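J.: Our numbering applies: residue 2 is where the first sequence begins, and numbers increase by one. One structure follows; several queries about it will come next.
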Amino acid sequence: MGGRIKPFKLSFKTSQLLKPARFFFLYIYRVKQTFPKTEKLKSSKTIEKLFLEGDSHFKFPIKIFFLPANENENNLAAFAVPKRNIKSAVNRNRIKRQLREAYRLNKHLLEHIHGKKFVILFLYLGKVNPQYAHLEKAMQKLLKKLHDENS
RNA sequence: GCCGCAGGCCGCCUUAUCGUCGUUCCAAUUUUUUUGGAAGGGAGGAAAGUCCGGGCACCAUAGGGAAGCAUAGCGGCUAACAGCCGUCGUUAUUUCUGCGAAAGGAGAAAUUUCAGGACUAGUGCAACAGAAAGGAUGUACAGGUAAUGCUGUAGUGAAAUCAGGUAAACUCUAUGCGGUGAAAUGCCACGUAAACCUGUGUCUCGGUUUUUACCGAGUAAGGGUACCCGCCCAAAGCAGGAGGGUAGGCAGAUUGAGCGUGUAGGUAACUACACGUCUAGAUAAAUGAUAAGGUGCCAAAAGUGAUUUUGGUAACAGAACCCGGCUUAUAGGCCUGCAUUUUUU
2 MGGRIKPFKL SFKTSQLLKP ARFFFLYIYR VKQTFPKTEK LKSSKTIEKL
52 FLEGDSHFKF PIKIFFLPAN ENENNLAAFA VPKRNIKSAV NRNRIKRQLR
102 EAYRLNKHLL EHIHGKKFVI LFLYLGKVNP QYAHLEKAMQ KLLKKLHDEN
152 S
């Protein structure tokens, strides 16, 4: 874990804007906020399995499917936006990027489930382009719920 | 200055932090590799539709025939084209010139339309009007004959025996077209590996012959390329099963009919030469988030006005082997040309 901890350095202005719950985690130490290839879910078999066997939670507009996968080193995550709801390719891409961003900034919420790792799929079910702030809120609630159930 | 039309160009910017995908360099670990750091780069004019044309790759089927599809004045450009340029004809608009009492019609220029080969090969079709609209022929008057709508005029119509009109009607003529499509294809790794089992499947008649087989004819009739001939396969082909392996890596893949500038040739499209330049390469698919400032647009308020303040908003849209076009979508801005109107001199 040593390589993943960085000294906390934020300006006064930014830290003022942070909410208390998030502020707590960040104040102790800072989880590295990266999202490299090794944390992306790529196997089509696993994704199929997720839809068939995975448990799900829903908080508008995001639905998540997840399965425990303790043999993995990292949590694996994938993001999907159905073509049925969002027609434009540009908007689909954008929502996927925003989902990924929201996950990247909030994945530290899953760090404290010691030993337990998950395979997660995030599915966007809204029919219009979202505000990023709403997405992030929903993401935080879902990750917290997952955390509380398994700790 | 305002508004309109046509053509061309651009199509949000800057900074900071955190991320993300390649490249290069450095350090650590080291066979590969992995991790960290630094530098520099990272979507479009249409990347879209997949409508044409190529490059490139492959094929047991690529040849010939007919069919089908595409193109269509003439000349040029190009790797090629259904594209582009020039030109002739043609459609329409505007302006000018001169003719005329007027209605009108003539010529020239600019822009613009065209599915612009052939109805003297054949077939089909044609509203209204009209006796009659396609091997047609009636009435009135006049003429003529041995006799007859035989001839002329009137009448209908765009057109009445005239080489009529029509090919975004069949058709004919000329030219072109093998098919598939980067999920192609090649290599590496894994694997006993063009391996195993089951089913389907090569017809009928005649002749030669002991039989196999060969020859000929017929049929939709073994399989393959839509069809036929030809050709190829027969240890083939097709379908299923069991078992194994796997959605792996590298190449293809980004230096190219590339881009920029200049000179020369050409009416132009474009071409030649010289110099400079490297500008995305992902693969469950890289460009995002946050903050601040600016820019454009819209709305409201204030002001005679220049303008200021506040709020909102950021068009269409995401590379997927690569090029040349076409078509469609597109907020807003800039430039050029033409025409109208207003003001000033």
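We put the beta carbon where it would ideally sit given N, CA and C, even for glycine. As the structure is a prediction and not an experimental result, all values here were calculated from the model.
What residues in its chain sit with their C-beta under 7 Å from that of Lys145, if we drop five residues either side in the sequence?
T.: Translated into the one-based positions of the first sequence, residue 145 becomes position 144. Contacts found: Leu110.
J.: Using DSSP with H/G/I as helix, E/B as strand and the rest coil, what is Phe61?
T.: Here residue 61 corresponds to residue number 60 of the first sequence, with the count starting at 1. In the structure shown, Phe61 sits in coil (DSSP, three-state: anything other than H, G, I, E or B).
J.: Less than 6 Å between C-beta atoms, sequence neighbours within five positions excluded: which residues of the same chain meet that for Leu136?
T.: By 1-based counting over the first sequence, the position of residue 136 is 135. Only Gln99, Ala103 meet the Cβ criterion.
J.: Going by CA-CA distance only, name the one from Gln132, Asn130, Asn92, Ala139 that's closest to Phe123.
T.: Here residue 123 is taken as the residue at index 122 of the first sequence, counted from 1. Selected option, being the one with the closest Cα: Ala139.
J.: Let's test the definition: count the other Cβ atoms within 10 Å of the Cβ of Lys84 and tell me whether it reaches 16, buried, or not, exposed.
T.: Sequence index remark: in the first sequence, residue 84 carries index 83 (1-based). Exposed.
J.: In chain order, which alpha helix (DSSP H) runs of at least 4 residues are fully inside the region 113 to 151?
T.: Taking only runs of at least 4 residues, the alpha helix (DSSP H) segments lying wholly in the region 113 to 151 are 133 to 151.
J.: Note down the Cα distance separating Tyr30 from Asn107, rounded to an integer number of angstroms.
T.: Walking along the first sequence from the start, residue 30 turns up at place 29. Walking along the first sequence from the start, residue 107 turns up at place 106. Here Tyr30 scores only 36 on pLDDT, less than 50, and its place in the model should not be relied on; the value that follows carries that caveat. Taking the straight line joining both Cα atoms gives about 14 Å.
J.: Which one of Asn86, Glu40, Asn76 has the shortest CA to CA distance from Asn130?
T.: If you number the first sequence from 1, residue 130 lands on position 129. Of the listed residues, the one whose Cα sits closest to Asn130 is Asn86.
J.: Where Leu147 and Val120 are concerned, what is the direct C-alpha to C-alpha distance, given to the nearest angstrom?
T.: Here residue 147 refers to the residue found at position 146 when the first sequence is read from its first residue. Here residue 120 refers to the residue found at position 119 when the first sequence is read from its first residue. Rounded to the nearest angstrom, the two C-alpha atoms are 12 Å apart.
J.: Per DSSP, what kind of secondary structure is Phe36 in: helix, strand or coil?
T.: Taking the first residue of the first sequence as 1, we reach residue 36 at position 35. Correct three-state label for Phe36: coil.
J.: Could you please give me the residues that DSSP links to Ala90 through a beta bridge?
T.: Looking up residue 90 in the first sequence gives position 89. Partner(s): none; Ala90 has no beta bridge.
J.: Between which two residues does the beta strand (DSSP E) carrying Leu77 extend?
T.: Here residue 77 refers to the residue found at position 76 when the first sequence is read from its first residue. Per DSSP, Leu77 belongs to the beta strand (DSSP E) from 77 to 81.
J.: For Asn92, I'd like the list of residues in its chain whose CB is within less than 6 Å of its CB, leaving aside the five on either flank, ordered along the chain.
T.: Numbered from its first residue, the first sequence carries residue 92 at position 91. Correct list, in chain order: Asn130.
J.: Can you tell me the Cβ-Cβ gap for Leu77 and Glu40, rounded? I've got them flagged as a contact below 8 Å.
T.: On the first sequence, position 76 is the one that residue 77 refers to. On the first sequence, position 39 is the one that residue 40 refers to. Indeed, because the Cβ distance is near 6 Å, the residues count as touching under 8 Å.
J.: Please identify the residue among Lys88, Pro62, Ser89, Glu150 whose C-alpha is closest to the C-alpha of Tyr133.
T.: Here residue 133 refers to the residue found at position 132 of the first sequence. Comparing Cα positions, the closest option is Pro62.
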